[in-house]
Amino acid sequence: MTTAYPTPTPAPEGHHAEGHESHNLTGFIIFLCSESVIFLAFFSGYALLKTSALDWLPPGVDGLEWQMPLINSIVLVSSSGTIYLAERAMAKGSLWGFRAFWLLTMALGAYFLYGQAVEWSSLKFGFTSGTFGGTFYLLTGFHGLHVATGVFLMTLMLIKSFIPGNYKGGEQGVQATSLFWHFVDVIWIILFLLIYVWQRS
Amino acid sequence: MTLATFPASEPKPSWTRYFTFNTDAKVIGIQYIVLAFFFFLVGGLLAMIIRGELITPEADLVDRTVYNGIYTMHGTVMLFLFVFPVLNGLNNLLIPTMIGAPDMAFPRLNAVAFWLVPIFGVLLMSSFFVPGGPAYSGWWSYPPVSIQNPLGHLVSGQGLWLTAVALSGVSSIMGAVNFVTTIIRMRAPGMGWFRMPVFCWTALAAQSLQLIGLPSLTGGAIMLLMDLVAGTSFYDPAGGGDPVLYQHFFWFYSHPAVYVIILPVFGIFSELFPVYSRKPLFGYVYVAVASFIIVGLGLVVWVHHMFPSGVPEWMRNLFMFTTMLIAVPTGVKVFAWLGTLWRGKIRLTTPMLFCLGGLFNFVFAGVTGIMLATVPIDIHVSNTYFVVGHFHYVIYGAAVLGIFAAIYHWFPKFTGRMPYEGLGKVHFLLTFVGANLNFLPMHPLGLMGMPRRVSSYDPEFTFWNVIASLGAFLLGVSVIPFLLNMVSSWVRGPRATHNPWNAIGLEWLLPSPPAEDNFGEHVPVVLSRPYGYGSGEPLVEHQAEIEAALIQAEQLESAR
Ligand code: HEM
Ligand SMILES: [Cu+2]
């Protein structure tokens, strides 16, 4: 049994009929805004603990080496450039250009993680060496986790780009990953200033 | 105009879908609400034990340590397993239908967010059975108490508590991303921001607060967990840490959290007062915008929970000022509701009674809130029963009553059955009287100096405690007519028409219960602001035809 149901004038564009795919980027941006607050909390906690500490550095430690982290910073900042070039290549329709720059970005990200690991293993203090050690490993570790996540997402997108005919809905994933990568980059710059540049209390 | 054809009665979906990983927001909404009320009973049982203990001055019913665990779990269950889930249930039911969307923006994420709730619920409940019992450091879990692990086990009540709260945070963030995206992207054609129902405004405001505030709690909780299990000293003064830092992280979220709770209730008041007084919402634009002023201010008042915690003088004064400022947008809303009721044709239905009672309690709580915001008064009554009285007036007196109002009001829409008025009114009477009897005596007790979180007290406090306990038992009894009503009306209540309250809104232009994809392809074009009561102005294009078709379908249905 059926009943008549009036249909309004056709829905204007911008309406849900276009499918769920288009909301993904909106949702992801909202999520990133929220995620940045965790870093904000950690950063302000770091600043508060540092400014109020009597003995900030654990005994036997006098400051952090900054050369290696500086190289790491340069690597990460330039990877923000290469991911932009990858997106540009894709917008121009050059799938191979996209893959090349994408892979370069992944390599830079992996190098950053390697540099971080080398730095960690050379340090004379641990996670439980007072609030200095705690906040240092918390901040760099949590950021490193984000870099690793970024490299993982890029790997997924790269694999996706080889699945034939898949490059219709792929742009959103690429856009989201690249946004995430810039986010991780900006966080690192703040972190670098806070931990390595601001050494004297 | 074209005429589409619709099957009037699809095969009835089986009730077992409520126990599955279903992605329909209307199913998820009911899952949230039913699960939340299960935990309402759990938290309520714990409250009965607390009030049973406090009916006499001696600590005679439960052991002191057990008592600490009981109030901690009571607060945690009520907030994280009752209030937040029940509000997310309402969001799921109301947001898509009110804005004319077929579902949420991310239906699968929505289902995952829901199913995390029973998971962390079980996790939290299991802490009753680990050695050492559940967490006992209060719902705010302040260090240094919360970083003690006397038994030295890896799995402790406190550890389980932190894990459960972290999972609750993950679930809430998933929900918030979904609600905000849905409201921003999926509104019906013609529904500009200032044609959106106030409930959606308040939901948007509340969920934005979740997104901004929750990560701070999560960050703080991660550090607490590290202190507890990994030996760091973020909050441990012995290792250079600072326990007050945790309080900042905690309250930066947990003050806004009270607005996450109360804003949607403001939304419910704003929806229901116009319906039951047959007048447009007074000052719609101001009420809508005030929600976001509350968001902004609500983010910069958290230190009022820390006045006695050794924060600097300038901070106390600043936060006293911002806290008082928040009374302005809140007052705007209260006056708008009073303006709506003024000379309206008031219909005292069950939902309206709950709204009026909730508004009354809220105004009372606002007055004690301003008192608490005043530094000298707060220092005097902080950590006494005055604070407990204040926040229960807000959370039980206003928020829970508002939630009941919403449930009675939208019950017919989503179940297709009418709730019984008589039982509803009994429920209201017991709740309103019980809540006031329970929470009013806490104010004199606090002013007299009775500390919170104790199982025994000086005999001079007995009188008010006995009254409070009687009120609590009345509240315990009040759930009986409620549950009876819900179950029996859902099973065999009278059939509901599409618009039994004669309300204006997109959700009332859908059959009761709506089809799985709500309006499907036929989303009406919104022509005007909501709440056009008494103006006769249509809400949507072709309103008369849509209503005629709904009535025709209902007549055919009942003729069979
Ligand atoms: C007019 C608005 C409000 C004002 C001015 C206000 C003020 C305050 C102040 C200053 C305290 C701290 C007392 C202390 O710890 O010494 C407090 C506690 C509390 N308030 Fe409010 N409040 C308001 C609204 C609300 C709302 C809307 C809710 C919940 C929906 C709420 C829930 C709470 C809770 C849960 C506590 C106790 C926290 C604890 O210490 O365990 N308040 N309020
Ligand atoms: Cu507060």
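Respectively, the protein sequence lines represent chains A and B. Position 198 of the first sequence, counting from 1, maps to 198 under my numbering, and the rest follow consecutively. Numbering-wise, my numbering comes out as the position in the second sequence, counting from 1, plus 201. Glycine included, each C-beta is placed from N, C-alpha and C at the ideal position. No experiment lies behind these values; they were computed from the predicted model shown.
Buried versus exposed, by CB contacts within 10 Å (16 or more), residue i
i, result
"SER478(B)", "buried"
"ASP579(B)", "buried"
"ASN518(B)", "exposed"
"ARG730(B)", "buried"
"SER210(B)", "Because the pLDDT of SER210(B) is 47, which lies under 50, any placement of that residue in the model is unreliable, and the number read from its coordinates should be weighed accordingly. SER210(B) should be labelled exposed."
"SER122(A)", "exposed"
"ASN719(B)", "buried"
"HIS354(B)", "exposed"
"TYR658(B)", "buried"
"PHE70(A)", "The question names Phe, but residue 70(A) is Leu in the sequence shown. LEU70(A) is exposed by the Cβ-count criterion."
"LEU602(B)", "buried"
"THR221(B)", "exposed"
"PHE522(B)", "exposed"
"ARG309(B)", "exposed"
"PRO12(A)", "Residue placement at PRO12(A) cannot be trusted, given a pLDDT of 41 that sits under 50; what the coordinates show is reported in the next sentence. Burial call: exposed."
"LYS227(B)", "buried"
"MET1(A)", "Any answer about MET1(A) is weak, because its pLDDT of 33 lies below 50 and its placement is not dependable; what the coordinates show is given next. Exposed is the call here."
"SER215(B)", "exposed"
"ARG200(A)", "exposed"
"ARG252(B)", "buried"
"ILE320(B)", "exposed"
"GLY532(B)", "exposed"
"ILE702(B)", "Rather than Ile, the amino acid found at residue 702(B) in this sequence is Trp. Buried, since its Cβ has 16 or more Cβ neighbours within 10 Å."
"PRO8(A)", "Low local confidence applies: a pLDDT of 42 at PRO8(A) is under 50, so the model's placement there is unreliable, with the coordinate-based value given in what follows. Classification for PRO8(A): buried."
"THR698(B)", "buried"
"ASN584(B)", "exposed"
"ILE163(A)", "exposed"
"TYR114(A)", "exposed"
"SER483(B)", "It should be pointed out that residue 483(B) corresponds to Phe in this sequence rather than to Ser. Buried, since its Cβ has 16 or more Cβ neighbours within 10 Å."
"PRO6(A)", "Per-residue confidence for PRO6(A) stands at a pLDDT of 43, beneath the threshold of 50, marking its modelled position as unreliable; no derived number is given."
"TRP709(B)", "buried"
"PHE640(B)", "buried"
"PRO351(B)", "exposed"
"LYS92(A)", "exposed"
"ARG218(B)", "exposed"
"MET392(B)", "buried"
"LEU191(A)", "buried"
"MET516(B)", "exposed"
"SER492(B)", "buried"
"LYS534(B)", "buried"
Cβ distance (whole Å) where residue i is taken to contact residue j below 8 Å
i, j, result
"LEU631(B)", "LEU675(B)", "6 Å"
"GLY556(B)", "PHE470(B)", "The amino acid at residue 556(B) is misidentified as Gly; the sequence shows Cys. Right, their Cβ atoms sit about 6 Å apart."
"VAL331(B)", "SER357(B)", "7 Å"
"THR155(A)", "MET106(A)", "7 Å"
"GLY511(B)", "ARG618(B)", "With a Cβ gap of about 56 Å, GLY511(B) and ARG618(B) do not count as contacting."
"GLY60(A)", "LYS124(A)", "6 Å"
"ALA537(B)", "GLY598(B)", "Contact flag wrong, Cβ pair sits at about 20 Å."
"TYR460(B)", "GLY421(B)", "Incorrect: roughly 19 Å between the Cβ atoms, too far for contact."
"TYR454(B)", "ASP443(B)", "With 8 Å as the limit, TYR454(B) and ASP443(B) do not qualify as a contact, their Cβ atoms being about 18 Å apart."
"GLN359(B)", "SER338(B)", "7 Å"
(message) For a minimum of 4 consecutive residues, which ranges assigned as the alpha helix (DSSP H) are wholly contained in the region 400-479 of chain B?
(response) 444-478
(message) Can you pull out the residues from the region 18-43 of chain A whose beta carbon lies closer than 7 Å to at least one beta carbon of chain B?
(response) HIS20, HIS23, THR26, GLY27, ILE30, PHE31, CYS33, SER34, GLU35, VAL37, ILE38, ALA41 and PHE42
(request) Scan the region 436-451 of chain B for residues whose Cβ lies nearer than 7 Å to a Cβ of chain A and list them as they occur along the chain. (result) GLY440, GLY441, GLY442, ASP443, LEU446 and PHE450
(message) Against chain C, which members of the region 117-130 of chain A pass a CB distance test of less than 8 Å?
(response) Note that chain C does not occur in the displayed structure, where the protein chains are A and B.
(request) Please go through the region 342-404 of chain B and give each complete alpha helix (DSSP H) segment of 4 or more residues, from N-terminal end onward. (result) 358-386
(request) Could you tell me which uninterrupted alpha helix (DSSP H) segments, each at least 4 residues in length, are contained entirely in the region 81-124 of chain A, listed from first to last along the chain? (result) 95-122
(request) Could you run through the region 325-348 of chain B and flag, in chain order, every residue whose CB is less than 8 Å away from some CB of chain A? (result) none
(message) To test your reading of the DSSP string, which unbroken alpha helix (DSSP H) runs of 4 or more residues are found completely within the region 478-559 of chain B?
(response) 485-499, 514-526 and 528-542
(request) Starting from the N-terminal side, write out each stretch of the beta strand (DSSP E) that is 3 residues or longer and does not extend beyond the region 33-88 of chain A. (result) none
(message) Output needed in chain order: residues of the region 380-402 of chain B with a Cβ under 7 Å from some Cβ in chain A.
(response) VAL381, THR382, ILE385, ARG386, MET387 and PRO390
(request) Kindly provide the ranges of any alpha helix (DSSP H) runs that are 4 or more residues long and lie completely inside the region 633-691 of chain B, ordered along the chain. (result) 643-649
(message) If the cut-off is 8 Å on Cβ atoms, which residues from the region 241-258 of chain B count as contacting chain A, listed in chain order?
(response) none
(request) Quick one: which residues of the region 137-151 of chain A get their C-beta closer than 9 Å to a C-beta of chain B? List them in chain order. (result) TYR137, LEU138 and PHE142
(request) Please go through the region 572-629 of chain B and give each complete beta strand (DSSP E) segment of 3 or more residues, from N-terminal end onward. (result) none
(message) Tell me which residues of the region 452-468 of chain B have at least one Cβ-Cβ distance to chain A shorter than 8 Å, keeping chain order.
(response) PHE453
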